[in-house]
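Numbering (our numbering), first residue to last: 1 to 350.
Positions of the beta carbon are idealized from the N, C-alpha and C atoms, including for glycine.
Model, not experiment: these values are computed from the prediction.
The structure appears right after this line, and notes come after that.
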Amino acid sequence: MSNKIDVAILGATGSVGQKFIELLSNHPWFNIAEVAASDRSAGKKYSEATNWIMQSPLNKNIAELIVKNSEPNLKSKIVFSALDASVAGEIEENFAKNGYVVISNARNHRFDEDVPLLVPEVNYQHIDLIHQQKFGDGFIITNPNCSTIGLVMALKPLHDNFEIEAVNVVTMQAVSGGGYPGVPSMDIIDNVIPFISGEEDKMEKEPKKIFGNLINNKIEFANFKISASCNRVPVIDGHTEIVQVKLKSKPAKDEIINVWKNFSSEPQKLNLPFAPSKPTTYFDVEKYPQPKLHRNIDKGMAVAIGRLRDCSILDYKFVILSHNTIRGAAGGAILIAELLKSKGYLDKYL
């Protein structure tokens, strides 16, 4: 492990924390050196403090780690935050002020003016916002909401080539997006719940920051319109979204499919370990994409797209699918860390 970078996971016992552990257990660059959680878990072996719900077995070395408090006295200077939003804000700030790099999955700092809201394939240039932060040697970077990530990855090639003017999106979101134990079974089995607290607001605001321009050390938000309707459906993993778009210059369908198939960005150029080889994959089969079949394509980090067709209200409509706990949460944060390492932002912490 001597050639790997030691990292810590905050909120390690929860479902997102467990996904971080699962994905990082054999990572070529990072070594899970410390796990931290709430006071009731601190002092216990990780295997005793957590109810392991991942499909893969718990790594034996991680199982033996003693859970620490989520306080900035950890040896690892790179921390992944899977903390609940009810406590994440202050804890993450404390870590940053004490010289830690915080890569957060929580919503608390997403709209701070000086905090990047990052999807590496979409707005990697926004990393430079960290130089405006007032945390001394530390800084915070956040990834967006899980449903936002899939959406902006599908929209990025369209916005770059044809310029988006309006978006309407209707989501069918997996139950794992609500954490564990999540929605009660009697509420979700044989049912669709047409409301997810705070979700529509996130989807309507986050893409505007992500697609914004970094000018004079500030983000000028994109000005296209977004309307979102979010639903919880009885699927374990994988968020499906029905998207309608209006474009400034309406291209032919083949042009749109071509930019999706050829989309590549900085993570692909750098050949980062968690980067999908093809960030957006288009399927010609009219019944695709489907969560059961396509949520895990390219390590669960790619976005599957299908059913591009004319829209009688806007210009076009299509279906997208992304893995909400991998691409939309832990995997997306790990890709941010890989990007930071490749660009040299972690050098002084090693």
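### Task
Tell me where the alpha helix (DSSP H) around V259 begins and ends.
Note, V259: alpha helix (DSSP H), 253–261.
### Query
So, do the stretch 112–121 and the stretch 35–53 have three or more beta carbon pairs nearer to each other than 8 angstroms?
At 8 angstroms Cβ cutoff, the stretches do not touch.
### Among P57, N217, G136, the one whose alpha carbon lies nearest that of N94
When P57, N217, G136 are compared, the shortest CA-CA separation from N94 is found for G136.
### Task
For the beta strand (DSSP E) holding M301, just list the boundary residues, first then last.
Note, M301: premise wrong, no beta strand (DSSP E); not H, not E.
### Cα-Cα separation, L83 to I130
Whole-angstrom Cα-Cα distance: 21 angstroms.
#### Entry: Burial state of A174, where buried means 16 or more other Cβ atoms lie within 10 Å
Label assigned to A174: buried.
### Task
Using a threshold of 8 angstroms, state whether the C-beta atoms of C230 and S322 are closer than that.
The answer is no: Cβ separation not under 8 angstroms.
### Query
What number of angstroms, rounded off, separates the C-alpha of D160 from the C-alpha of S76?
Between the C-alpha atoms of D160 and S76 there is a straight-line separation of about 38 angstroms.
### Task
Give every residue of the same chain whose Cβ lies closer than 6 angstroms to the Cβ of V152, excluding the five residues on either side of it in the sequence, and list them in chain order.
If we look at V152 and ignore the five residues flanking it on each side, its Cβ neighbours are V119, V122, P207, I210.
### Query
Using CA coordinates, which residue listed in L272, D310, V319 is at the minimum distance from P291?
Ranked by Cα distance from P291, the first of L272, D310, V319 is V319.
### Cutoff 8 angstroms; reference V351; Cβ partners in own chain excluding five residues on either side
Since the first and last residues shown for the chain are 1 and 350, residue 351 lies out of range.
### Query
Hey, out of I334, G138, P157, whose CA is closest to P251's CA?
Considering only alpha carbons, the answer is P157.
### Residue span of the alpha helix (DSSP H) that contains N223, given as start and end
According to the DSSP assignment, N223 belongs to no alpha helix (DSSP H), since it is labelled neither H nor E.
### Message
Beta-carbon within less than 7 angstroms of L247's beta-carbon, same chain only, minus the 5 sequence neighbours each way: which residues are those?
### Response
Non-local C-beta neighbours of L247 in its own chain, meaning closer than 7 angstroms and more than five positions away in sequence, comprise L158, F162, E163, I164, E165, D315, ordered along the chain.
### Query
Considering only the beta carbon of each residue, do N376 and V67 sit closer than 8 angstroms?
It is not possible to answer for residue 376, since the shown part of the chain is limited to 1 through 350.
### Query
Using the C-alpha atoms, what's the distance from G178 back to E48?
Distance between the alpha carbons of E48 and G178 is about 24 angstroms.
### Query
What separation, rounded to the nearest whole angstrom, lies between the Cα atoms of L350 and Y100?
Distance between the alpha carbons of L350 and Y100 is about 11 angstroms.
#### Entry: P194 versus T171 - alpha carbon distance
Distance between the alpha carbons of P194 and T171: 9 angstroms.
### Beta-carbon proximity list for G182, same chain, < 6 angstroms, skipping 5 on both sides
Residues V175 of the same chain have their beta carbon placed closer than 6 angstroms to that of G182, with the five preceding and five following residues left out of the count.
### Task
Quickly, what does DSSP pair N231 with across the bridge? List them, please.
M172, per the DSSP bridge assignment.
### Query
Which residues in the same chain as K348 place their Cβ atom closer than 6 angstroms to its Cβ, once the five residues preceding and following it in sequence are excluded?
Hits under 6 angstroms: none found.
### Message
Can you tell me which residues form a DSSP beta bridge with D6?
### Response
D6 is bridged to N31.
### Query
Which two residues bound the contiguous beta strand (DSSP E) that contains I210?
For I210, there is no enclosing beta strand (DSSP E); the enclosing alpha helix (DSSP H) has its first and last residue at 199–210.
### Query
Thinking just about the alpha-carbon of each residue, which of Y180, E34, E71 is nearest to the one in I236?
The residue with the shortest Cα to Cα distance from I236 is Y180.
#### Entry: Cross-strand partners of E241 (DSSP beta bridge)
Note: E241 sits in a beta bridge opposite T171, I320.
### Message
If I measure Cβ to Cβ from A329 and keep anything under 6 angstroms in the same chain, skipping five residues before and after, which residues do I get?
### Response
Closer than 6 angstroms at Cβ, skipping near neighbours: V16, N105, C146.
### Endpoints, alpha helix (DSSP H) assigned at F162
146–162 is the extent of the alpha helix (DSSP H) around F162.
### Contacts around P273, its chain only, beta-carbon distance under 8 angstroms, and the 5 residues preceding and following it disregarded
Within the same chain, P273 has close Cβ partners H27, P28, W29, E338.
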